[in-house]
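Student:
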């Protein structure tokens, strides 16, 4: 499914939401979790994932931790306190957007419609 | 899920080394991504999957990721310093800083020119010692990665690079402060109240700058490669 452009705008929210549900995750794990949750319909490209993770880290929303795993070093990401607050606001922002989009796509829908 | 063989791991290390990356954070992230991905495929698919990864993690992409991480690390450290600064100067710390500055002024007024020059060198020496310590700590952490990926370029932490640049800016500014009056041949510049005011202002600025940078390093060093 070619939905890369649609995902681009919500990538940060997806990352933050996943990290809210899982205490800490590493890059490859995030791509696999998204694939698993959407039955392979949404694939986060590495080209977009890592710059987004680094940006969120620089904004203070994510913190990182280096751990030794099976003879290699792994970089784990987790939410900071600011990141935890940001998830709620990003989620309601995205939900609001989806609701409005739904209204545009199906104008007959009642205004109180919720996803 | 399977474990990669030594031969396969060597092949992965070789392709990553060929990217000539210098950021330890990017190297470990890409290496972990490659190995995690390849471990989920049968050995018969190793070559084709490695090729697929190479199409995604191209030389250009990896270097752009590295440049972006360096920029992000710079912003990260600066915003960290700012947030530390906002909470660092509690009343006891503020009073302690004022006390040390007052002692510094008294000594400055009393001592000879030679001692004044020595006084200016003290913070520079402290920063050099601090830089050496930070570099050594990071070197110890990155040593294993360097050994694992036999890259033609020097691998070091992106955060270390940012901190080192910040520290060298402080020492360079001190040099500038000492050398500027000499360049313009200003006589007895150490007696000038402007010079005292400038050193004091710079001391205040650098004290806060280096203290917050040190605190940021202390916090970051718990989990990062510095």
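Protein chains in written order, with this note's numbering: chain B, 216 to 330; chain Z, 110 to 335. We put the CB at the ideal spot given by N, CA and C, even for glycine. Keep in mind that this is a model prediction, so the values were computed, not measured.
1. Give the residues of chain Z in contact with residue 289 of chain B, contact being defined as C-beta atoms less than 8 Å apart.
2. Just to make sure I have the definition right: I need the residues of chain B whose C-beta is within less than 7 Å of the C-beta of residue 254 of chain Z. Which are they?
3. Do the CB positions of residue 273 of chain Z and residue 240 of chain Z come within less than 8 Å of each other?
4. Using only alpha-carbon positions, find the residue among Z:222, Z:283, Z:275 that is nearest to residue 297 of chain Z.
5. Tell me whether the beta-carbon of residue 179 of chain Z lies closer than 8 Å to the beta-carbon of residue 247 of chain Z.
6. When you compare the stretch 292-300 of chain B with the stretch 266-276 of chain B, are there three or more beta-carbon pairs, one atom per stretch, that lie closer than 8 Å?
7. Under 8 Å between beta-carbons, which chain B residues line up against residue 332 of chain Z? List them in chain order, please.
8. Is the CB-CB distance between residue 299 of chain Z and residue 122 of chain Z below 8 Å?
9. Are the CB atoms of residue 147 of chain Z and residue 138 of chain Z nearer to each other than 8 Å?
10. Is the beta carbon of residue 143 of chain Z sitting closer than 8 Å to the one on residue 174 of chain Z?
11. Could you please give the first and the last residue of the uninterrupted beta strand (DSSP E) stretch that includes residue 331 of chain B?
12. My assumption, with CB atoms under 8 Å, is that residue 281 of chain B sits in contact with residue 334 of chain Z. Please give the rounded CB distance.
13. Please classify residue 267 of chain Z as buried or exposed, where buried requires at least 16 other C-beta atoms within 10 Å of its C-beta.
14. Does any residue of chain B have a CB that is nearer than 8 Å to the CB of residue 268 of chain Z?
15. Apart from the five residues on each side of it in sequence, which residues of its chain come closer than 7 Å, Cβ to Cβ, to residue 111 of chain Z?
16. For residue 276 of chain B, which of helix, strand or coil comes out of DSSP?
17. Using a C-beta to C-beta distance shorter than 7 Å, which residues of chain B count as neighbours of residue 166 of chain Z?
18. Give the DSSP-derived three-state secondary structure of residue 281 of chain B in the structure shown.
19. According to the Cβ coordinates, are residue 316 of chain B and residue 228 of chain B closer than 8 Å?
20. Does the Cβ-Cβ distance between residue 224 of chain Z and residue 316 of chain Z come in under 8 Å?
21. Using a threshold of 8 Å, state whether the C-beta atoms of residue 292 of chain B and residue 234 of chain B are closer than that.
22. Which full runs of the beta strand (DSSP E) of 3+ residues lie inside the stretch 222-281 of chain Z, going along the chain?
23. Residue 144 of chain Z lies in the alpha helix (DSSP H); which residues open and close that run?
24. If I'm right that residue 95 of chain Z touches residue 264 of chain Z with Cβ under 8 Å, what's the distance once you round it to whole angstroms?
25. Kindly give me the distance between the Cβ atoms of residue 279 of chain Z and residue 236 of chain Z, rounded to whole angstroms, as I take these residues to be in contact under 8 Å.
26. At the 8 Å Cβ level, is residue 273 of chain B part of the contact set with chain Z, yes or no?
27. Does residue 301 of chain Z come out as helix, strand or coil in the three-state DSSP assignment?
28. Residue 333 of chain B and residue 165 of chain Z look like a contact to me (Cβ under 8 Å); what is the Cβ gap, rounded to whole Å?
29. Between residue 323 of chain Z and residue 210 of chain Z, which are expected to be in contact by the criterion C-beta below 8 Å, what is the C-beta distance as a whole number of angstroms?
30. Quick one: grab the DSSP three-state call for residue 121 of chain Z.
31. For residue 213 of chain Z, write down the residues that DSSP places opposite it in a beta bridge.
Tutor: Taking the geometry as given:
1. 137, 141
2. 288
3. yes
4. Z:222
5. no
6. yes
7. 278, 279, 280, 281
8. no
9. no
10. no
11. In the structure as shown, chain B starts at 216 and stops at 330, and residue 331 of chain B therefore has no counterpart that could be examined.
12. 6 Å
13. buried
14. no
15. 148
16. coil
17. 261
18. strand
19. no
20. no
21. yes
22. none
23. 133-148
24. It is not possible to answer for residue 95 of chain Z, since the shown part of chain Z is limited to 110 through 335.
25. 6 Å
26. yes
27. coil
28. No statement about residue 333 of chain B is possible, as the shown extent of chain B runs from 216 to 330 and does not include it.
29. Residue 323 of chain Z to residue 210 of chain Z, Cβ: 18 Å. No contact.
30. helix
31. Residue 213 of chain Z pairs with nothing; no bridge assigned.
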